[in-house]
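One structure is given here, and the rest of the page talks about it.
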Amino acid sequence: MIPYGRQDIQQADIDAVLAVLQSDFLTQGPMVPRFEQAVADKVDARHALSVNSATSALHIACLALSLGEGDWLWTSPITFVASANCGLYCGAKVDFVDIDPRTYNLCPEALAAKLERAEAKGCLPKVVVAVHLCGQPCDMQAIHALGQRYGFRIIEDASHAIGGKYQGETIGSGRYSDITVFSFHPVKIITTAEGGMALTNDAALASRMNLLRSHGVTRDPALMHHEPDGPWYYEQIDLGFNYRMTELQAALGLSQLKRLEDYVARRNALAERYDAALAELSVTTPWQHPDSDSGRHLYVIRLQLDQIGTTHRQVFEALREHGIGVNLHYIPVHTQPYYQQLGFRPGDFPEAQRYYAEAISLPLYPTITPVQQDEVIDILGQLLKPVKS
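All residue numbers for the sequence shown refer to this note's numbering, where the first residue is 1262 and numbers rise by one.
Take a look at the structure:
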C-alpha cells in the first residue's frame, strides 16, 4: 500500500534521539528550549511554546486569549475536529464559516457577511481559528482587517503549514494573528512523533501559555503570591495541564527541522508533477494563491463527477483496492454526530459540502518514488475519463 503520508526518519534523527536517551534528561531538559528557539528563529517569531500535540497548543492558545463561557469561536468546517473542539474545551460556543471554493480555506467574503449579521445580533466571535488547509495559508490580511474592525482575536491553525509563506513572510511570523499553531504528527512536514507548538510575538500570551502547559505551576518568584519558603518552592497559580513535550521529541524535531526546506521543496516538486500528469483527467487539481507558498502537506484533487461514469466512493474504493492509500481531508466538522447534537445540519455550509462530495487526498510525502507516483497517476487515468473538449 502506498500511504497518503509517511514520516522520513534518517540516521541523524535516530542519533539525536539516542543521544538524549543516554543523557541525564528525558524530560524538562535542554532540548525542548533549543527546539523552541530554533523554530522561532526559523519562522521569525518572538516566542515558541512546545507541547505534546497541536490540539494542546490550540487549547492553551484559546485559554491565553481568555476564551470562555458565553464566548464564540468560529473556524472552518473543513478541518480536523480539533480546530473547533478547542473552543468547546474552554466552555465557549462554536460556529463555522464556509470555505472558499478555490483554496478550500475559510472564505473572507463569507466571514465578512457572517460578521455583519452577528454584529446585528450581538453575538460576534471572540476568536477566529484560520486553518491553513493542505499547507496553503488563508487570506490572513483580509481576516486580520476584519479582526481589527470587529474586535476578534486570531489563531492560525498552521498544523499543515510549517515551511510555507504568505506574502513573502514565513508562516508563524504572526504579522496577522495573535498565535500560530504547528503540528508535528508523523505525517506532517516535520515530526516529533507526536507534538505541537504555539508561537506568538506577545510576551504576555507566551507567559500564559507557558504556565498552562505545565499544571499552572511556576517557580518564578515574580509570579508568586508569597515569598518562597526556600529553593524548593513552587506555586500553582492557575489551573493548567500536563501538555509538555519530552526531550526525545524535541531532539527529533531539531534534527528534522534541519531538512525543512528540502522537505517543502520536494513536496512542491511532487505536487507540480501531479499537476502536469493529471491535467487531462476529469479532476480539479489544487489551486495555488499567488500571494502564498504552500507547505504542501496534502495534495487534494476534486473529482468532476458530472464528467465521469462513476461515483466518488467508487473511485476512492478502487484506488484503495489497487494499493493506493488515499484519504479524505476532511469530513465537514458540522456534520459529525456530536456537532449535529449542537444544532448543526449538513446543508449549513454548502461549499464545504460540495468539497466533501468530491475530494480525495493523493499520496504525497518526501520519500515517495517516481515509480510509486506514476502508479498513482496511471491508476487514476484508468479510472477517470479525459475532460470533454
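Backbone N, C-alpha and C define an ideal beta-carbon position, used for all residues, glycine too.
Own chain residues within Cβ distance below 7 Å of residue i, not counting five before or after
i        : result
Glu-1508 : Val-1281, Phe-1286, Leu-1287, Thr-1288, Gly-1290, Met-1292, Val-1293
Cys-1250 : It is not possible to answer for residue 1250, since the shown part of the chain is limited to 1262 through 1650.
Gly-1477 : Gln-1497, Ile-1498, Asp-1499, Leu-1500, Gly-1501
Glu-1619 : Arg-1563, Leu-1564, Leu-1566, His-1573
Val-1544 : Ile-1562, Arg-1563, Leu-1564, Gln-1565, Leu-1645
Asp-1554 : Gly-1425, Lys-1426
Simplified DSSP assignment, three categories, for residue i
i        : result
Leu-1710 : In this structure the chain extends from 1262 to 1650, so residue 1710 is not present and cannot be described.
Pro-1489 : coil
Glu-1533 : helix
Tyr-1365 : coil
Met-1458 : strand
Ser-1650 : Because the pLDDT of Ser-1650 is 49, which lies under 50, any placement of that residue in the model is unreliable, and the question is left without a value.
Ala-1250 : Since the first residue shown for the chain is 1262 and the last is 1650, residue 1250 is missing from the structure and cannot be characterised.
Ser-1555 : coil
Phe-1357 : strand
Phe-1413 : coil
Leu-1641 : helix
Gln-1497 : strand
Ala-1511 : helix
Asn-1313 : coil
Ser-1438 : coil
Tyr-1265 : coil
Lys-1519 : coil
Ser-1337 : coil
Lys-1387 : coil
Tyr-1427 : strand
Ala-1277 : helix
Thr-1479 : strand
Ile-1562 : strand
Ala-1630 : The residue asked about is misnamed: residue 1630 is Thr in this sequence, not Ala. In the structure shown, Thr-1630 sits in coil (DSSP, three-state: anything other than H, G, I, E or B).
Asp-1635 : helix
Leu-1580 : helix
Leu-1603 : coil
Ile-1450 : coil
Phe-1502 : coil
Same chain, Cβ closer than 6 Å to residue i, five either side skipped, listed in chain order
i        : result
Ala-1467 : His-1308, Thr-1461
Gly-1408 : Ile-1415
Ser-1650 : Because Ser-1650 sits at a pLDDT of 49, beneath the cut-off of 50, its placement in the model cannot be relied upon, and the following sentence gives the value as read from the coordinates. Contacts found: none.
Val-1389 : Trp-1335, Phe-1413, Ile-1415
Asp-1552 : Gln-1428
Ala-1273 : Ser-1516
Tyr-1617 : Pro-1593
Thr-1453 : Phe-1445, Gln-1510, Leu-1513, Gly-1514
Met-1262 : Gly-1584, Gly-1586
Pro-1362 : Glu-1612
Ala-1538 : Ile-1638
Sub-8 Å separation of residue i and residue j beta-carbons
i        : j        : result
Ser-1434 : Ala-1315 : no
Gly-1425 : Pro-1447 : no
Val-1594 : Pro-1369 : no
Asn-1313 : Met-1506 : yes
Asp-1359 : Ala-1371 : yes
Ser-1284 : Phe-1296 : no
Thr-1364 : His-1550 : yes
Gln-1517 : Ile-1451 : yes
Ile-1640 : Leu-1580 : yes
Val-1576 : Leu-1644 : yes
Tyr-1494 : Thr-1479 : no
Pro-1482 : Pro-1489 : yes
Arg-1534 : Gln-1634 : yes
Trp-1333 : Lys-1303 : no
is_contact[residue i, chain D] using C-beta, thresh 8 Å
i        : result
Gly-1477 : Looking at the structure shown, chain D is missing, and only one protein chain is on hand.
Closest by C-alpha distance to residue i, when choosing among the options
i        : options                                : result
Tyr-1524 : Ile-1270, Pro-1264, Ile-1263           : Ile-1270
Gly-1556 : Gln-1565, Ala-1454, Arg-1528           : Arg-1528
Val-1278 : Ala-1391, Ala-1532, Ala-1512           : Ala-1512
Asp-1567 : Leu-1542, Val-1587, Ser-1516           : Leu-1542
Gln-1428 : Ala-1406, Gln-1402, Lys-1449, Thr-1453 : Gln-1402
Ala-1465 : Leu-1644, Leu-1326, Ile-1629           : Leu-1326
His-1320 : Asp-1609, Leu-1472, Trp-1548, Val-1300 : Leu-1472
Leu-1531 : His-1476, Ile-1423, Thr-1628           : Thr-1628
Phe-1676 : Leu-1645, Thr-1596, Gly-1331           : Outside the modelled stretch of the chain, which goes from 1262 to 1650, sits residue 1676, for which no answer is possible.
Ala-1301 : Gln-1634, Thr-1431, Thr-1630           : Thr-1431
Met-1485 : Tyr-1599, His-1476, Ile-1498           : Ile-1498
Pro-1386 : Asp-1635, Asp-1400, Gly-1348, Ile-1423 : Gly-1348
Phe-1610 : Glu-1377, Asn-1366, Asp-1305, Trp-1333 : Asn-1366
Ser-1344 : Val-1392, Ala-1406, Tyr-1599           : Val-1392
Beta-carbon contacts of residue i that lie in its chain and below 8 Å, excluding the five residues immediately before and after
i        : result
Leu-1559 : Tyr-1265, Gly-1266, Leu-1394, Cys-1395, Gly-1396, His-1421, His-1590, Ser-1622, Leu-1625
Glu-1380 : Tyr-1411
Ser-1317 : Gly-1457, Arg-1474, Phe-1502, Tyr-1504
Residue i beta carbon near the ligand GTP (any heavy atom closer than 7 Å)
i        : result
Ser-1475 : No copy of the ligand GTP appears in this structure; indeed no ligand is present at all.
The segment 1433-1444 contacting the segment 1415-1423, beta-carbon criterion three pairs below 8 Å: The segment 1415-1423 and the segment 1433-1444 touch, with three or more beta-carbon pairs separated by less than 8 Å.
Could you tell me whether the segment 1571-1591 touches the segment 1600-1612, where touching means 3 or more Cβ pairs closer than 8 Å? Segments in contact, no.
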